[in-house]
Structure formats: structure tokens, C-alpha cells
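First comes the structure, then the notes that go with it.
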Amino acid sequence: MFPVVAVAVVIIFSSLLFTTFYSQTSLPIPTNSIVVSSSLLTGTEISGVQVDLRINGSTIKTGYTPVTFSGLQPQVQYQIVVYWLNNFYFRHFSDGNLNRYATLTLNGSKYATLNAEYENVPKSEAAALDVVARFPNGTQIGTSDLVNGSNFHTPGMWFQIAQAGSNQAYTGSYTGGSILPFILFNHETYTIQMSEGYQNVKFAYWVDNHSSNPNRNVTLDGNETYTAIFEQS
């Protein structure tokens, strides 16, 4: 089934403005394309979210949802990076990917589609939640830097956020990631699901309560930052 594309024709005559809308149902998605859309968690479509198309970390195209990146090459790994918009904050892709960075390779299929899902958090109800990982000597694990207009991230520790009453995470990030701090609802309870580590780097404890459990519930009371200590064995 081909998508319905709305096209606006604007005609200006003297002081009058006429706008005519018509639908075009036979416009196919180009072969070797990536189509990126965006919506709220409720399913309501939103538009205007910035999307970067990257290869090996370098941005080759930028567009705004809904956007179609066409003329791509099969067997090339592309990276899709989505941003935030006003009070809309990225939570996950509809395919379950919790990270705002997604990778796609066109393997003979005509095109690929991605939908980024957002949560509307009004400023009057918002609070920031940051999670930091570091070694006992103070060295931070994971940093984010802006280079030529693009955010580049050094490896951090993966963690996820679940809403109150749910064990199912609905967003996530690597510590030090450019999406941090998460903007969430103030006075709401969330579960931080911290990675237990990788290779010889292991979670040790939380700085504020010295708990050795990597998962914890937090109720936001304004902006909050929680620090996890990791040790090398």
C-alpha cells in the first residue's frame, strides 16, 4: 500500500490567499530509502523533529519528520539520530530500540521505516534526571562532545528508565549521553535499571545510599542526579 501524501498549492492573487489541498495516493516510496516519522506515545503524529543520517559517525544528510532519505546504498550501515522538539522528549523507537541512535542496513529491501516516539512533558511539570557513572578515583565513564554541530559520545554504561508500576523500560541511554539529563515528570516515581557492567568493569554501589543493587526506585523532587560507582576487577 502506498502512503497518502498531502500536497498544498498556494496561489497569491492581489490581497487574497487561496490554499488548495489534494491527495495523491499513487506516489511510491523510492527504492533504497529510509523513512523516519515521529509520534507521541499516545499515537498522535508530530512533525518537525530533526533527524540526522550518518555514516561512521559523520552526518551526510539532515531532515525533519516526516522525512525520506533516498538514493542510499545497499549493504551500507546507516545511523539514524533523532533529536527533541519543544516539550516533546524522545523515549524510544516503535521497534523497541530505547536509544535515540538507530542503525540500519538496506539488504535488498526497497526501503526501511522508523518511527520515533516522544513524550510531552510541559515545563510546569518537568524535572531533570541525570545518571552518572564513574570509577572510585573520580574518572567519569561516558562523555558527550559537540563537534561541528554533531554530538559524539564516548562509551559509557547503559541504563534504562521504567515508569512507576512497570518493569518494562521505556527509554534508555549510555551515561554521559547527549540526551541526558532525561526530562521527566516531577513528583513521579521511576525505576533506574543500571547495567551490571561489562568484562572486568562491575557495578559496585550508588554514592548516595551505598546500595549494591543496580536497580532503584526514585521519586523526583526537582532536578536529581544519581551517581553509580563501578570498579575494575
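The number in my numbering is simply the position in the sequence shown, starting from 1, with 16 added.
Note that CB positions come from ideal geometry on N, CA and C, so glycine has one too.
These figures come from a predicted structure and were not determined experimentally.
(message) Counting C-beta neighbours from all protein chains within 10 Å, is the total for residue 183 16 or more, i.e. buried, or is it exposed?
(response) exposed
(request) Measuring alpha carbon to alpha carbon, tell me which of 66, 235, 95 ends up nearest residue 205. (result) 235
(request) Would you identify the three-state DSSP class for residue 139, choosing helix, strand or coil? (result) helix
(message) Does residue 212 pass the burial test, meaning 16 or more other C-beta atoms within 10 Å, or should it be called exposed?
(response) exposed
(message) So residue 107 and residue 195 are supposed to be a Cβ contact under 8 Å. How far apart are they, rounded?
(response) With a Cβ gap of about 10 Å, residue 107 and residue 195 do not count as contacting.
(request) Please report the residue range of the beta strand (DSSP E) in which residue 67 lies. (result) 66 to 71
(message) For residue 84 and residue 51, which I take to be in contact (beta-carbon distance under 8 Å), what is that distance rounded to the nearest angstrom?
(response) 5 Å
(message) Give me the residue from 161, 66, 230 with the minimum Cα distance to residue 105.
(response) 66
(message) As a quick exercise: from 216, 177, 69, 154, pick the residue whose alpha carbon is nearest that of residue 121.
(response) 69
(request) Compute the distance between the beta-carbons of residue 190 and residue 174, then report whether it is under 7 Å. (result) yes
(request) Rounded to whole angstroms, what's the CA-CA distance from residue 80 to residue 249? Just pull it up for me. (result) 45 Å
(request) Please report the residue range of the beta strand (DSSP E) in which residue 108 lies. (result) 104 to 109
(request) Below 8 Å on the Cβ atoms is my guess for residue 55 versus residue 133; work out the distance and round it to an integer in Å. (result) 6 Å
(request) Please name the residue, chosen from 49, 192, 58, that lies closest to residue 251 on a Cα-to-Cα basis. (result) Coverage of the chain is limited to positions 17 through 249, which leaves residue 251 absent and any answer about it impossible.
(request) Throw me the rounded Cβ distance for the residue 239 and residue 144 pair, which I believe falls under 8 Å. (result) 4 Å
(message) Which same chain residues end up closer than 6 Å to residue 47 when comparing Cβ atoms and leaving out the 5 residues on each side of it in sequence?
(response) 126
(request) Determine, using beta carbons only, whether residue 136 and residue 103 come nearer to each other than 7 Å. (result) yes
(request) Can you tell me which of 129, 97, 178, 112 puts its alpha carbon nearest to the alpha carbon of residue 45? (result) 129
(request) Could you check if residue 57 is buried or exposed, using at least 16 other CB atoms within 10 Å of its CB as the buried criterion? (result) exposed
(message) Just to confirm the assignment, what range does the beta strand (DSSP E) spanning residue 177 have?
(response) 174 to 179
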